[in-house]
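J.: Here it is, the structure, as structure tokens.
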Amino acid sequence: MKQKKKNLYEGMYIISAQLSDDARKKTLDKIEMGITERDGEVLKVHDWGRRRFAYEIEGHREGYYYIMYFNIAPSEIAELWHDYKLNEDLVRFFSLSAKEVKEKIEFKSLMDQ
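For the sequence shown, our numbering assigns the number 396 to the initial residue and increments by one for each residue that follows.
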């Protein structure tokens, strides 16, 4: 069986702040399982914690932010997104092609530029 070429992706997931810690963990596990079930591999997960939104999103004012680096075949991304759209606990998500796995994620202040 021919193995599909996998690309590196960076995904950001905002999970509802209304969930209990246990429910939030289950939602994150479900996201990871969706990747591994499609022959992908989760390489790194950054937990950014709870943050307030700049504006209300579908009735939510806050959410828990996670950034995940994973390898998966490009043809599987559309299926992942389909699953994410059906997940009511995900407030927002996106996946981008990445060049490397960031061990630490930092943003510079706009005042530093």
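Just so you know, even glycine gets a beta-carbon here, dropped at the ideal spot from N, CA and C.
Tell me the residue span of the beta strand (DSSP E) that contains residue 435.
T.: Here residue 435 belongs to no beta strand (DSSP E), and DSSP marks it neither H nor E.
J.: DSSP beta-bridge partners for residue 477?
T.: According to DSSP, which records beta bridges pairwise, residue 477 is partnered with nothing at all.
J.: What separation, rounded to the nearest whole angstrom, lies between the Cα atoms of residue 346 and residue 414?
T.: Here the chain covers residues 396 to 508 and nothing more, so residue 346 does not appear.
J.: Does the beta-carbon of residue 484 have 16 or more other beta-carbons within 10 angstroms, so that it is buried, or is it exposed?
T.: Its Cβ being crowded by 16 or more others within 10 Å, residue 484 is buried.
J.: With a threshold of 8 Å, are at least 3 pairs of Cβ atoms found where one atom belongs to the segment 399-409 and the other to the segment 464-483?
T.: In short, these stretches touch, since the Cβ pair count reaches three.
J.: Whose CA, out of 481, 442, 399, 419, lies closest to the CA of residue 499?
T.: Measuring from the Cα of residue 499, the nearest candidate turns out to be 442.
J.: Here's the rule: buried if 16 or more other CB atoms are within 10 angstroms of the residue's CB, otherwise exposed. What is residue 431?
T.: By the neighbour-count rule (16 or more Cβ atoms within 10 Å), residue 431 is not buried but exposed.
J.: If we count the other Cβ atoms within 10 Å of its Cβ and call it buried at 16 or more, is residue 409 buried or exposed?
T.: Buried, by the Cβ-count rule.
J.: Quick one, which of 452, 463, 491, 427 has its alpha-carbon nearest residue 411's?
T.: Checking every option, the nearest Cα to that of residue 411 belongs to 452.
J.: On the criterion of 16 or more Cβ atoms from any shown chain inside 10 Å, does residue 396 qualify as buried, or is it exposed?
T.: Per-residue confidence for residue 396 stands at a pLDDT of 49, beneath the threshold of 50, marking its modelled position as unreliable; no derived number is given.
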